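>
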Amino acid sequence: MICNATSMISKLKGWRRGRSRRLTDNRELRVFYMIGTMGIGGAESQVVLRAKELRARGVDSRVLLLFDGGPFEAFLQDAGVPVVHLRFRTISTAGWRRALLCDIAAFCRLVRLLRRTRPHVLHSHLFHSYAIGVPAGKLAGVPLVVAGRHTPLRITGRGLLTSLIDRAANRLADHIVPVSRSIADELSSRFRVRHKITVIHNGLPPAAFLPHSPAHLETECPVVVCVSRLQPLKGHRHLLDAAALLELRGLRCTIVLIGDGPERGNLERQAEKLGIDVRFPGFRTDVGAWLARADIMAHPTLAEALGNCVMEAMAAGLPTVSTDVGGVPELLGENRGLLVPPADATALADAIQRLLTDHALAKRLGASAQEWAVNHFTSDMLVNRYLSTYARLIRQKFATDLNIPTGHRAQG
874 MICNATSMIS KLKGWRRGRS RRLTDNRELR VFYMIGTMGI GGAESQVVLR AKELRARGVD
934 SRVLLLFDGG PFEAFLQDAG VPVVHLRFRT ISTAGWRRAL LCDIAAFCRL VRLLRRTRPH
994 VLHSHLFHSY AIGVPAGKLA GVPLVVAGRH TPLRITGRGL LTSLIDRAAN RLADHIVPVS
1054 RSIADELSSR FRVRHKITVI HNGLPPAAFL PHSPAHLETE CPVVVCVSRL QPLKGHRHLL
1114 DAAALLELRG LRCTIVLIGD GPERGNLERQ AEKLGIDVRF PGFRTDVGAW LARADIMAHP
1174 TLAEALGNCV MEAMAAGLPT VSTDVGGVPE LLGENRGLLV PPADATALAD AIQRLLTDHA
1234 LAKRLGASAQ EWAVNHFTSD MLVNRYLSTY ARLIRQKFAT DLNIPTGHRA QG
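Numbers 874 to 1285, taken from my numbering, label the letters of the sequence shown in order.
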């Protein structure tokens, strides 16, 4: 395969020279979303939400997967959203160099697919996707190539190769859509791309705003729920340390960690050593029921782009304490929740104790957060913002309009 790299690249250059940059005669909007997998994650859930909503509005939305499928793929299939598996070979950042050399054939298939199907918008999500999708979209002559940013730069990586690829993709993309002002500031500082950034917060499906019957959980203690993948970056160990401090103060809690991941074994051992009550329900599709059972939400993460779990808690009216990192203050600011420094178990314990003992405060914060969520996080608002952005960029670039369904009144 590597031996044919030169001829393949020559073909790509030929395709690019012959590709017209004007819009196609078909004015019905086609939006392709690209992401690595349909595994469990915040970016993946947002792709599902947007692709489904666009398809329901009559937009030709499709999802391109670089690697494997995953649990969320079934949601796309149920909604009639076409899913294309591109069959790239690796998902590790270190393996991207191998993908660059060994998966040229897959890259060529991607360019051919884009040339044949002629989407108006190619919107890539997460590092591997925009590192591959942005140049492919440019080579194929896709009118609008967008990079979606869901991850702080400290998580994406700071290696030389990663940084160079990141810089090239951000410079090459027509536009960049980070999910928080925090990420926008990072990108502007690192890559000087402020002029082509539009911040659009994530959204939530309608079910997130509906009342749920509480999950069954046998405990007489206050329930503190945390919803996130069990990995070191999410800071669960600090929440468990905070629970131990609360127990020393005479306030015993039941900690419920919704999610799974490589840190589970360590957390189970830590809970046993500390002698605290920690439950591990694993990954759940009924998160709303667990939020309904909880007294408060705790989000002890060490880094965060925005925080889908915080948004879900806000929509449920659940009082929330989170670390003051990334885009979380954009959600919980202005008396909608409590913020504490990261990796500070004492501050976290103080905030949890405050919410569990000051019921008036907890009720006021929960109600304020819920009202704000209803006014900012609905899927209609989310999709209207994206459609408005796509329409504006296409109008600026081509001085023409597409038939873009507006749905409800565009927000923000």
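Heads up, the beta-carbon is just placed ideally off N, CA and C, and yes, glycines get one too. It should be emphasised that the depicted structure is a prediction, and the values quoted were computed from it without experimental measurement.
(1) What would DSSP say about Asp1039, mapped onto helix, strand or coil?
(2) If you drop the 5 nearest sequence neighbours on each side, which residues of the same chain put their C-beta closer than 7 Å to that of Ala1288?
(3) Roughly how many whole angstroms lie between the Cα atoms of Ala1189 and Leu1164?
(4) In three-state terms, what does DSSP make of Ile1073?
(5) Counting only the same chain and skipping the five closest in sequence on each side, list residues whose C-beta sits under 6 Å from that of Leu1255.
(6) Compare the C-alpha of Ala979 against each of Arg960, Arg989, Thr990 and Ser997 and name the closest.
(7) Does the distance from the CB of Ile1276 to the CB of Glu901 come in under 8 Å?
(8) Hey, out of Leu922, Leu939, Ala1240 and Val932, whose CA is closest to Leu949's CA?
(9) Give the straight-line distance between the Cα atoms of Thr1251 and Val984, rounded to the nearest whole angstrom.
(10) Does the distance from the C-beta atom of Ala1178 to that of Val1052 stay below 8 Å?
(11) Given 8 Å as the limit, is there contact between the region 1035-1051 and the region 992-1003, that is, 3 or more CB pairs closer than that?
(12) Alpha carbon to alpha carbon, how far is Thr910 from Ser918?
(13) Suppose only complete runs of 4+ residues qualify. What are the alpha helix (DSSP H) ranges in the region 1223-1249, listed by chain order?
(14) Hey, Leu1175 and Val1194: beta-carbon distance below 8 Å or not?
(15) Could you give the C-beta distance for Gly1200 and Gly1180, rounded to a whole number, given that I count them as a contact under 8 Å?
(16) Please determine whether the Cβ atom of Cys981 lies at a distance below 7 Å from any heavy atom of the ligand MG.
(17) When the Cα atoms are used, what is the spatial distance from Leu1124 to Val932?
(18) Leaving out five residues before and five after Arg1288 in sequence, what residues of the same chain have Cβ atoms less than 7 Å from its Cβ?
(19) Over the uninterrupted alpha helix (DSSP H) stretch that includes Ser1252, give me the two end residues.
(20) Below 8 Å CB to CB, which residues in the same chain sit around Ala967 once its five sequence neighbours on both sides are set aside?
(21) Would you call the region 1135-1149 and the region 1199-1218 in contact, with 3 or more CB pairs under 8 Å?
(22) Compute the distance between the beta-carbons of Val1015 and Pro992, then report whether it is under 8 Å.
(23) Below 8 Å between beta carbons: does that hold for Ile1070 and Leu1083?
(24) With C-beta atoms as the reference, is Thr1219 less than 8 Å away from Leu1118?
(25) Within its chain, find whatever has a CB closer than 7 Å to the CB of Ala1240; leave out the 5 residues flanking it on each side and keep chain order.
(26) With a 10 Å radius around its C-beta and 16 neighbouring C-beta atoms as the bar for buried, classify Glu1093 as buried or exposed.
(27) Tell me whether the beta-carbon of Ser934 lies closer than 8 Å to the beta-carbon of Val957.
(28) Give the DSSP bridge partners of Asn1208, in chain order.
(29) Which of helix, strand or coil does DSSP assign to Leu1060?
(30) Could you tell me which of Arg1022, Thr1024, Leu1033 and Leu986 sits nearest to Lys1011, measuring between CA atoms?
Reading off the structure:
(1) To locate residue 1039, count along the sequence shown from 1; it is residue 166. Helix.
(2) Examination of residue 1288 is not possible in this model, given that the chain is present from 874 through 1285 alone.
(3) Mapped onto the sequence shown, residue 1189 falls at position 316. Mapped onto the sequence shown, residue 1164 falls at position 291. Roughly 7 Å between the two C-alpha positions.
(4) Here residue 1073 corresponds to residue number 200 of the sequence shown, with the count starting at 1. Reduced to three states, the DSSP call for Ile1073 is coil.
(5) What you label residue 1255 is simply residue 382 of the sequence shown in a count that begins at 1. For Leu1255, where only same-chain residues beyond five positions count, the Cβ hits under 6 Å are Gly1076.
(6) Within the sequence shown, numbered from 1, the residue matching residue 979 stands at position 106. Considering only alpha carbons, the answer is Arg960.
(7) The residue you call residue 1276 lines up with position 403 of the sequence shown. The residue you call residue 901 lines up with position 28 of the sequence shown. A quick correction: the sequence has Asn, not Ile, at residue 1276. Cβ atoms of Asn1276 and Glu901: closer than 8 Å.
(8) Taking the sequence shown and counting its residues from 1, the one referred to as residue 949 is at position 76. Nearest C-alpha to Leu949: Leu922.
(9) By 1-based counting over the sequence shown, the position of residue 1251 is 378. By 1-based counting over the sequence shown, the position of residue 984 is 111. One C-alpha to the other measures close to 34 Å.
(10) For the purposes of this step, residue 1178 is taken as the residue at position 305 of the sequence shown. For the purposes of this step, residue 1052 is taken as the residue at position 179 of the sequence shown. Pairing Ala1178 with Val1052 gives a Cβ-Cβ distance under 8 Å.
(11) yes
(12) The residue you call residue 910 lines up with position 37 of the sequence shown. The residue you call residue 918 lines up with position 45 of the sequence shown. Straight-line Cα distance between these residues: approximately 11 Å.
(13) 1232-1249
(14) In the sequence shown, residue 1175 corresponds to position 302, counting from 1. In the sequence shown, residue 1194 corresponds to position 321, counting from 1. Taking 8 Å as the Cβ cut-off, Leu1175 and Val1194 do not qualify as a contacting pair.
(15) Counting from one through the sequence shown, the residue named residue 1200 turns up at place 327. Counting from one through the sequence shown, the residue named residue 1180 turns up at place 307. About 7 Å separates the beta carbon of Gly1200 from that of Gly1180, a gap short enough to meet the 8 Å contact definition.
(16) Looking at this structure, you won't find the ligand MG or any other ligand, since it has none at all.
(17) Along the sequence shown, one-based indexing puts residue 1124 at 251. Along the sequence shown, one-based indexing puts residue 932 at 59. One C-alpha to the other measures close to 53 Å.
(18) The requested residue 1288 is not part of the displayed model; the chain covers only 874 to 1285.
(19) Start at 1 with the first residue of the sequence shown, and residue 1252 comes out as number 379. Taken as a continuous stretch (DSSP letters only), the alpha helix (DSSP H) holding Ser1252 covers Ser1252 to Phe1271.
(20) For the purposes of this step, residue 967 is taken as residue 94 along the sequence shown, with counting starting at 1. Because the pLDDT of Ala967 is 46, which lies under 50, any placement of that residue in the model is unreliable, and the question is left without a value.
(21) Verdict: no, contact absent.
(22) Position 142 of the sequence shown, counted from the start, is the residue given in the question as residue 1015. Position 119 of the sequence shown, counted from the start, is the residue given in the question as residue 992. Yes, these two residues count as a Cβ contact at 8 Å.
(23) Here the question's residue 1070 lines up with position 197 in the sequence shown. Here the question's residue 1083 lines up with position 210 in the sequence shown. No. Outside cutoff.
(24) Working through the sequence shown from its first residue, we reach residue 1219 at position 346. Working through the sequence shown from its first residue, we reach residue 1118 at position 245. Yes; because the gap between Cβ atoms is below 8 Å, this pair is in contact.
(25) The count along the sequence shown starts at 1 and reaches residue 1240 at position 367. Same-chain partners within the cutoff: Gly1190.
(26) In the sequence shown, counting from the first residue as 1, residue 1093 sits at position 220. Exposed, since its Cβ has fewer than 16 Cβ neighbours within 10 Å.
(27) Along the sequence shown, read from residue 1 onward, the residue named residue 934 stands at position 61. Along the sequence shown, read from residue 1 onward, the residue named residue 957 stands at position 84. Not in contact: Ser934 and Val957 (Cβ atoms no closer than 8 Å).
(28) Here residue 1208 refers to the residue found at position 335 when the sequence shown is read from its first residue. The partner list for Asn1208 (beta bridge, DSSP) is empty, contrary to what the question assumes.
(29) The residue you call residue 1060 lines up with position 187 of the sequence shown. Three-state DSSP puts Leu1060 in a helix.
(30) Taking the first residue of the sequence shown as position 1, residue 1011 is located at position 138. Comparing Cα positions, the closest option is Leu986.
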